[in-house]
Amino acid sequence: MSGKKQGPGLVESLRLAAVARRFYDQGASKLEIADEFGISRFKVARMLDAARESGIVRVEFRLPAPVDLVLSEEIREAYRLDRVLVLERAPEPESREVARRKIGTLAARLLTEIVTPGDVLGLSWARSVNAMTDAIESLPKCPIVQLCGVQAGMDMRDRSVETVSRVASVSGGEPYPIFGPLVLPDRRTTETLRRQPGIAETFGQFKNLTKAVVSIGAWKPEESTVYDALDEAERGAIAKRGAKAEVSARLFDADGTPMSTGLAHHVLAISAEDLLAVPEVIALGYTEPKAEAIDAVLRSGMVSTLITDAAAAVPLLKLAEARPLP
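Quick note on numbering: the sequence shown equals residues 1 to 326 in UniProt numbering.
Structure, rendered in structure tokens:
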């Protein structure tokens with residue numbers, strides 16, 4: 001005889017299906033079903049469990065977006081976030097550009113639902129944030145604030161000034177741009193530009209932010225705009241100090257602690273303190289190479305919502321299991 005566990009026979013399967021249909025399809029209570037079938041309500045509960053375990057009943061979740069519910073919930077619980085959206089894994093390998101567009105579309109859909117006329121919305125520069133702005137079709141009227149300067153050499157359409165303008169045109173709210181470079185040569189130049197009327201006005205809005213959309217960068221080549229903007233010596237020096245992640249030109253170590261480096265004095269960007277004070281931060285971070293950086297930023301306590309993909313989510317869960325939050 002085979003040791004393999006046998007499923008219910010035809011007669012029992014029909015009985016389980018009848019009970020399951022009354023409960024799941026027709027909305028009868030367990031007590032009503034118990035009376036109808038002449039069994040106890042505890043027996044009904046066991047039969048419903050058996051119907052699911054045997055595959056007679058299958059539970060499916062049909063979300064209005066391509067989101068992996070299981071991964072989303074596991075990461076949300078592991079990092080104690082308000083919400084997590086994990087993009088479903090594509091059946092075939094796809095380019096980073098395609099993944100970016102899908103991440104941006106999810107972010108646009110979320111932002112359209114959660115932004116209110118009373119909000120002050122901040123946007124950092126990132127290609128994923130730009131993809132989000134392309135997908136936004138409506139937004140309540142509210143101020144739109146640029147969180148960091150423009151990276152030199154970027155195509156105009158990908159610059160944060162243009163991103164803020166596009167979103168403000170959809171919202172009808174007041175735009176607060178930063179007409180200045182992200183990385184500056186020295187502290188003196190940075191302080192001079194911060195005092196310029198237009199830039200000073202934008203910096204003055206940072207403490208009023210109620211929501212912000214940021215991108216998570218890893219301190220690796222081609223995984224952070226700021227990393228790529230620095231010379232090799234400065235990149236290496238910052239890496240030796242333990243930098244793992246970058247958000248709006250602010251650096252974080254593996255524990256999510258904001259880092260104080262020389263870089264902080266020659267970038268036009270929101271401070272780590274102001275970022276951490278924003279009530280709701282939506283962070284976009286995706287692809288496997290950014291998993292450690294995402295883990296670091298989530299440990300900072302700054303992020304309330306994470307939008308990512310399965311490629312980053314799977315190693316991210318392993319990182320959370322290896323070092324559970326205290």
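Cβ coordinates follow ideal geometry from the N, Cα and C atoms, glycine included.
Unbroken beta strand (DSSP E) stretches of 3 residues or longer found wholly inside the stretch 164-242: 211-215, given in chain order. The beta carbon of residue 106 sits closer than 7 Å to the beta carbons of 65, 85, 87, 307 from its chain, once the five residues preceding and following it are set aside; these are given in chain order. Counting only unbroken stretches of 3 or more residues, the beta strand (DSSP E) elements lying wholly within the stretch 42-119 are 83-87, in sequence order.
In this structure, 121 is the residue among 121, 149, 183, 240 with its C-alpha nearest to the C-alpha of residue 206. Under the DSSP assignment, residue 267 falls outside any beta strand (DSSP E); it carries neither an H nor an E label.
Residue 308 carries a strand assignment under DSSP once its states are collapsed to helix, strand and coil. Of 78, 36, 16, the smallest CA-CA separation from residue 49 is found for 16. Remark: C-beta atoms of residue 173 and residue 144 approach each other more closely than 8 Å. In the DSSP secondary-structure assignment, residue 250 is bridged to 247.
For the options 297, 99, 276, 95, the alpha carbon positioned closest to that of residue 211 is the one of 276.
Your pair residue 245 and residue 270 does not check out as a contact, with CB atoms roughly 15 Å apart and the cut at 8 Å. The shortest CA-to-CA distance from residue 252 to any of 268, 301, 100 is the one to 301.
Per DSSP, the unbroken alpha helix (DSSP H) holding residue 36 starts and ends at 30-37. Sequence-distant Cβ neighbours of residue 109 in its own chain, meaning closer than 7 Å and more than five residues away, are 65. Leaving aside the five residues that flank residue 175 on each side, the residues in its chain whose CB is nearer than 7 Å to its CB run, in chain order, 144, 164, 165, 168.
With distances taken between CA atoms, residue 47 lies nearest to 8 out of 74, 262, 113, 8.
In the DSSP assignment, residue 303 falls outside any beta strand (DSSP E), carrying neither H nor E.
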